[in-house]
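Visitor: Please see the structure below; I have some questions.
As structure tokens, this is what we get:
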């Protein structure tokens, strides 16, 4: 989790950290969490809270128990259940979703406006119905009182689809060339639409007539220079009388619906269109979204409260009601999640965020206090000539030393720097004298005083008869002579690797050879062993087995083996003289070597290698041959069978 501070407001990015691919196994995920600090410290608020490529919209259900998000590619919508912090279902469709609207308080009914002019209705079990509007749409709203679906887009009409009757009603005709945004004032039951001409037209569904037109483009040049025409791109209501309007040129205007001029104009300066405007009623703040940042500012004064700049292009904003948690749909896989404790507490389904943020703030405060102070011992105070300050408020006693202001420490260090240099010079001279003195003395092999245990460990691993000891080598002798390189087991660095060191120090079980290894390639004369010598060898081996204790037998010892595995080292003909050269012995073998002389005087020699057959295999082959002959005697031909 990444923490930032903008305008003295703590902002926690819950989406920061490395993401793990889906194809990793659970074992691999756990190992990465142990090894990688970034993976271990990340917070996955909702499992799989992302899209394959891009997220376009994100909303919460009216009951606050489900989060819906649309994205690509393939075009899809995902529903997440906050009580389980995981995805409930995912549904894909043919065209990209432009906007969607909830038709019920939970996840069971919703409508999706697609880029191919289709409106697709979904229920609990899946897609229910699909129909097409006359022109491409840009926004969709649901009017609960009349049970109408309102859709606007390219063209001057606001299309009305009555869900109770299942048919289109007569549309609302506006004076605009095209419409960008729809909003419904729930208290007064007013339908407002933002136009390309920078106007807001209001309609009363009970009269089915337009009741007012508000020209917002006139108010923009009085407050800021604009580049382009200020078309309406965002529209929302708060309470009874407040309306927020966002323009294409990056201005947010707050209106009293009874007045024609805004009482607050907030300029985002960057000149990019405002995509969404949300009210935070508990703190009196307004959150406005453009493609680069989210800005939180005070509703009455337009004073900046804080802002969040994202590294990717932002598409939509969703604030969890009565909390400081909000989500950002963007041009990336992850749906960004942020938490601002000063705006509101964490929702009840993720109340653990409050505890985490409090612990982080406390740790930061402790670190800030100790960063301004330096811990020094009594000896260091004497070297700095500050021992006369003991007992004053400039030194705070702590354990075996004192805390002092870091500025005072650096100032005293600068004053005594010449003395420190002279001490360093004396130390170097003393080391040089000791080095020359050691070269003149007779060297006696003994362990060094520094890193004694480590030196003993190295001596056990190396053969000192063949190579130098590590503390005699010029490259490593400082490791056992210089106190600066001493391994201190009380340090924090050693505590981190203590488990690894202890594991490597464990002694492994070693096998002791009770017999010399058998020499399989003995002289040819030694291979001629008589039956008497073999029997004597067997008797000696039996006696040696009786003398070996039980513990030594458990270790595993080498015993002479008389097996058919070593027959390949012997010749099949035991009477053959092995002292005769191999060339002459091969010539005696019938059919083994074939010689052929060519007309050019060349000579070709070829031979065939045959597999050595043991006595056991020969006996088995003979038995099988006899068995087959016996079966032939009792076999009856099929030609004598009657049809």
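Residue numbers (UniProt numbering): 1 to 643. Glycine included, every Cβ here is placed at the ideal spot set by N, Cα and C. Note that the coordinates shown come from a computational prediction; the quantities given were computed from them, not determined experimentally.
Which same chain residues end up closer than 7 Å to residue 89 when comparing Cβ atoms and leaving out the 5 residues on each side of it in sequence?
Guide: 79
Visitor: Closest by CA to residue 329, which one among 8, 621, 71, 14?
Guide: 71
Visitor: Could you have a look at residue 86 and say whether DSSP puts it in helix, strand or coil?
Guide: strand
Visitor: For residue 454, which residues from the same chain have a beta carbon less than 7 Å from its beta carbon, with the 5 sequence-adjacent residues on both sides left out?
Guide: 487
Visitor: Using 8 Å for Cβ pairs, my map puts residue 238 next to residue 215. What's the rounded Cβ distance?
Guide: No, residue 238 and residue 215 are not in contact; Cβ-Cβ is about 21 Å, not under 8 Å.
Visitor: Bridge partners for residue 375 per DSSP, in chain order?
Guide: Looking at the DSSP assignment, residue 375 forms a beta bridge with 403.
Visitor: What does a CB cutoff of less than 7 Å around residue 95 pick up in its chain, not counting 5 residues either side in sequence?
Guide: 75, 114, 115, 116, 118
Visitor: Quick one: measure Cβ to Cβ for residue 231 and residue 196, integer angstroms, because I've assumed they're closer than 8 Å.
Guide: 5 Å
Visitor: Under 7 Å: does the beta carbon of residue 125 sit that close to some heavy atom of the ligand MG?
Guide: This structure does not include the ligand MG; it has no bound ligands of any sort.
Visitor: Mapping the DSSP letters down to three states, classify residue 170 as helix, strand or coil.
Guide: strand
Visitor: Could you tell me which of 15, 177, 269, 262 sits nearest to residue 219, measuring between CA atoms?
Guide: Of the candidates 15, 177, 269, 262, the one whose C-alpha sits nearest the C-alpha of residue 219 is 262.
Visitor: Between residue 656 and residue 401, what straight-line distance do the alpha-carbon atoms span, to the nearest angstrom?
Guide: Here the chain has residues from 1 to 643 only, and residue 656 is not among them.
Visitor: Do residue 68 and residue 100 have their CB atoms nearer than 8 Å?
Guide: Yes, Cβ-Cβ distance for residue 68 and residue 100 is below 8 Å.
Visitor: What whole-angstrom Cβ distance do residue 412 and residue 386 have, given they're in contact under 8 Å?
Guide: 6 Å
Visitor: What is the DSSP secondary structure of residue 629, reduced to helix, strand or coil?
Guide: Note: residue 629 maps to helix in three-state DSSP.
Visitor: From what residue to what residue does the alpha helix (DSSP H) around residue 493 run?
Guide: 492 to 496
Visitor: Is it buried or exposed, residue 59, if we count other Cβ atoms within 10 angstroms and call 16 or more buried?
Guide: buried
Visitor: Where do the N-terminal and C-terminal ends of the beta strand (DSSP E) with residue 235 fall, by residue?
Guide: 232 to 238
Visitor: Quick one: Cα of residue 344 to Cα of residue 280, how far?
Guide: Within the model, the alpha-carbon separation for residue 344 versus residue 280 is close to 9 Å.
Visitor: Beta carbon of residue 133, beta carbon of residue 159: below 8 Å?
Guide: yes
Visitor: For the beta strand (DSSP E) containing residue 478, name the first residue and the last one.
Guide: Looking at the DSSP string, residue 478 is not in any beta strand (DSSP E); the run it does join, the alpha helix (DSSP H), is 478 to 481.
Visitor: Could you round the C-beta distance between residue 236 and residue 268 to whole angstroms and report it? I think they count as a contact, below 8 Å.
Guide: About 16 Å separates the two Cβ atoms, so there is no contact after all.
Visitor: Output needed for residue 318: all residues of its chain with C-beta closer than 7 Å, excluding positions within five of it in sequence on either side, in chain order.
Guide: 58, 59, 60, 326, 327
Visitor: Return the residue from the list 62, 436, 140 that minimises the CA-CA distance to residue 98.
Guide: Here the closest residue by C-alpha is 140.
Visitor: Could you check if residue 634 is buried or exposed, using at least 16 other CB atoms within 10 Å of its CB as the buried criterion?
Guide: When all chains shown are included, residue 634 counts as exposed.
Visitor: Whole angstroms are fine: how far does the CA of residue 129 sit from the CA of residue 8?
Guide: 51 Å
Visitor: Would the beta-carbon of residue 285 fall within 8 Å of that of residue 297?
Guide: Their beta carbons are under 8 Å apart, which means residue 285 touches residue 297 by this criterion.
Visitor: What's the C-alpha gap between residue 258 and residue 52?
Guide: Residue 52 has its alpha-carbon roughly 46 Å from the corresponding atom of residue 258.
Visitor: Do residue 177 and residue 202 come within 8 Å of each other at the CB atom, strictly closer than that value?
Guide: no
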